[in-house]
Amino acid sequence: MKINIQLVFFLSLFAETAYAQIQLEEGVYTSADGYYSFQMKFVPDGIKVIEPNRSNIYRLSSDGLYRHSEQQYSNFYIRVISSRELRTGNGKSPESYFKWTSQLNEGELESSSLDDKCLGLVEKYQKLAGEDYETQAWVFCAAAALVKCASSPEGFEEYAKDIVLSMREIVVNQNHCPCQDVISTSIWNKYK
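Structure, rendered in structure tokens:
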């Protein structure tokens, strides 16, 4: 019986090591639902994950997972499934599945103009939510801006549909979107 336990331990250790040996392909990874994408690039320290509003380094750990490099976020990890598939998690909620969807566009890799513009819109509407009597509408606009920064156009439109339908219940002028710099007139008019 002792040999069987040792064999099982060895095989499980081998399986974990095998996962770590799979080389991920650099590129853009998109969630299974299509709502969220990020860029992944190899750096000397490990994997660099470039999201619309931040960049993070994940380092290979002894358990075969790539873990967030900042101690306070070390529960966040990336599990390599295949060269073009990965799962992300934090140990508390179910893992999210991501699949490779395109090659890196080096010209956009470190672009901060998108980050600044997106975050600027989020901040604009968060500030209005705290200062104006139309708080609900501005909170919806801030949420839509954040999702627009982090989603594919298709994912954003699906999210925006719910925002538009909710906002139409509270705005006085239903013919005019209060945040046209986030939700286009065509999307606003599409959902009634």
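All letters in the sequence shown, in the order written, are residues -20 to -1, 1 to 172 by mature numbering (1 follows the signal peptide of the UniProt record, and there is no 0).
Glycine is no exception: its CB is placed at the ideal position from the N, C-alpha and C atoms.
All of these numbers come straight from a predicted model, not from anything done at the bench.
Paired residues, beta bridge with residue i - DSSP
| i | result |
| --- | --- |
| I27 | F22 and Y38 |
| K79 | T10 and E65 |
| V60 | L66 |
| H48 | Y38 |
| S17 | T10 |
Residue i versus residue j - alpha carbon distance
| i | j | result |
| --- | --- | --- |
| E114 | Q160 | 16 Å |
| I163 | C157 | 7 Å |
| G100 | D25 | 31 Å |
| F18 | N153 | 36 Å |
| A140 | V127 | 9 Å |
| V144 | L45 | 40 Å |
| I30 | M20 | 6 Å |
| V8 | C129 | 15 Å |
| V119 | A12 | 27 Å |
| A122 | M147 | 12 Å |
| D112 | D43 | 50 Å |
| I61 | W168 | 39 Å |
| L40 | W80 | 19 Å |
| S82 | N36 | 20 Å |
| L108 | E6 | 39 Å |
| R47 | E103 | 30 Å |
Residue i burial status per 10 Å Cβ neighbour count (16 or more: buried)
| i | result |
| --- | --- |
| L89 | The pLDDT assigned to L89 is 47, lower than 50, so where the model puts this residue is not dependable, and the model offers no usable value. |
| I150 | exposed |
| F136 | buried |
| S131 | buried |
| Y38 | buried |
| S91 | Low local confidence applies: a pLDDT of 44 at S91 is under 50, so the model's placement there is unreliable, with the coordinate-based value given in what follows. With fewer than 16 Cβ atoms within 10 Å of its Cβ, S91 is classed as exposed. |
| M(-20) | With a pLDDT of 49 at M(-20), under the threshold of 50, the modelled position of that residue is not reliable, and the figure given next carries that caveat. When all chains shown are included, M(-20) counts as exposed. |
| F22 | exposed |
| K172 | exposed |
| T68 | buried |
| residue 173 | A query on residue 173 cannot be resolved here, the shown segment of the chain reaching from -20 to 172 and no further. |
| K72 | exposed |
| T10 | buried |
| R34 | exposed |
| F(-11) | Low per-residue confidence applies at F(-11): pLDDT is 45, beneath 50, and the placement is therefore not dependable enough to give any value. |
| K97 | exposed |
| K170 | exposed |
Residue i CB to nearest heavy atom of the ligand SAH below 8 Å
| i | result |
| --- | --- |
| L108 | Among the components modelled here there is no ligand, and therefore nothing to report on the ligand SAH. |
- For the region 107 to 165, which segments carrying the alpha helix (DSSP H) assignment without a break, of at least 4 residues, lie completely within its bounds, in sequence order? Within the region 107 to 165, the complete alpha helix (DSSP H) runs of at least 4 residues are 115 to 130 and 133 to 148.
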